[in-house]
Amino acid sequence: MMVDMRYHIVSLVAVFLALGIGILIGAAVLGNGTLVQEQKAMIDRLVADFEGLRTEQVQLEHSLQEQRAALDANLMFGREVLPILVKDLLPGRRIAVIRTGDALSDKMYKEVASTLRLAGAKVTSVTTFLRNVDFADPVFKQQTLEALGLSADFRKDLSQELFGRLATEIAGGQGLVAMGFLQDSAVIQTTGDYSGSIDAVLIIGGVHDSLRSTCRLIDLPMINAFKASGTTVIASEPFVAETSYIKDYRQKSVAVIDDIDSIPGQVALIYSLAWNKKGHFGIKEGARSILPEL
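Residue numbers 4 to 297, in the working numbering, belong to the letters of the sequence shown in order.
So, in structure tokens, the structure goes:
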């Protein structure tokens, strides 16, 4: 809107200059009083339009300032009540985090982790995907088969096998063969403690670049394996994600949160874990509600 306003103002100034030159030429060369009067009348109308646009700009700026102030107040309120809403709801719960997408910033992830700690949970490990994988690459495919101890004539879904094993390793804290291979291949980065079992996993997906989408290749196979192991799964993404995973997540009958970067989304995360709630929570299309029913 501000760009449009500047464009109109610049256009009007250009018209003023053109008309001014036209008046001078008309008066000096043609001596036509009628033409001069018409041009003056046009300038008067343009001046009125200019003043109207300037008034509208001032009003828009005031409105924007008011909206920003209201948003800041809401955020401050949310941050102050968040500890009250989630405190000690997850005492001692061991939560693993897997970041498959790049839509959630590191800064916002730290807020999510802080909320889990406020609830009494322990984030045992964080697995971050650095890139996608390509099983069409014969070299990578062969390396995967060898790492997993599979024969060259393996005919099942290799992504389900690889990432299913990764999920099983994270859930149980044993083996770590798939994890080691993916680390060595610069596919994932790991931090934390993978030596023990976990109670739940938080998967954070959604990407800014559709070419980086991993949902069906990586996220869904892991969700299948986590569910098979009896691990509680929360699948999530931030409110802004150019390529959303929510529709695919919803097919897996797990808790799905579409605004994990917001305070309501983080409260929904804690409540879903505390009361084992499933369903789509958030503000995007198809969401059941903002928060789980208690």
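For each residue, glycine too, the CB sits at the ideal point set by N, CA and C.
Note that the structure is predicted; figures quoted are calculated from it, not measured.
- Judged by their CB atoms, I207 and R102 are nearer to each other than the 7 angstroms cut-off.
- Where F143 is concerned, the enclosing alpha helix (DSSP H) starts and stops at P141 to L151.
- The C-alpha of I201 lies about 43 angstroms from the C-alpha of Q70.
- Apart from sequence neighbours up to five positions away, the residues of its chain that approach L92 with a beta-carbon distance below 6 angstroms are A122, I273 and A277, ordered along the chain.
- Residues T147, L151 and A181 of the same chain have their beta carbon placed closer than 7 angstroms to that of L165, with the five preceding and five following residues left out of the count.
- Rounded to whole angstroms, the gap between the alpha carbons of F157 and L179 is 21 angstroms.
- In terms of Cα proximity to A231, the closest of I286, E172 and L88 is E172.
- Assignment of S198 by DSSP, reduced to helix, strand and coil, places it in the coil class.
- The Cβ-Cβ distance between Y252 and A271 does not fall below 7 angstroms.
- For the pair A116 and E240, the Cα-to-Cα distance works out to about 14 angstroms.
- Residues T127 and S128 of the same chain have their beta carbon placed closer than 7 angstroms to that of D196, with the five preceding and five following residues left out of the count.
- Excluding the 5 residues flanking it on each side, T130 has same chain C-beta neighbours closer than 6 angstroms at I101, I191 and T193, in chain order.
- Straight through space, the alpha carbons of D264 and F80 are spaced by roughly 16 angstroms.
- Boundaries cannot be given for A244, as no alpha helix (DSSP H) includes it and DSSP labels it neither H nor E.
- Between the alpha carbons of M111 and M45 lies a gap of roughly 54 angstroms.
- Nearest neighbour of L119 by Cα position, chosen from K287, E296 and Q269, turns out to be Q269.
- Here A244 is not near G282, since their CB atoms are 7 angstroms or more apart.
- Counting every other CB atom within 10 Å of its CB across the protein chains shown gives I286 a total below 16, marking it as exposed.
- DSSP places A258 inside the beta strand (DSSP E), whose first and last residues are A258 to I260.
- Around the Cβ of I87, a 10 Å sphere holds fewer than 16 other Cβ atoms; the residue is exposed.
- For I101, the enclosing beta strand (DSSP E) stretches over residues R97 to R102.
- For V126, the enclosing beta strand (DSSP E) covers residues K125 to F132.
- Taking the Cα of N279 as reference, the smallest distance to any Cα among L49, D75, G233 and A139 is reached at G233.
- If you draw a straight line from the Cα of S108 to the Cα of D140, it comes to about 30 angstroms.
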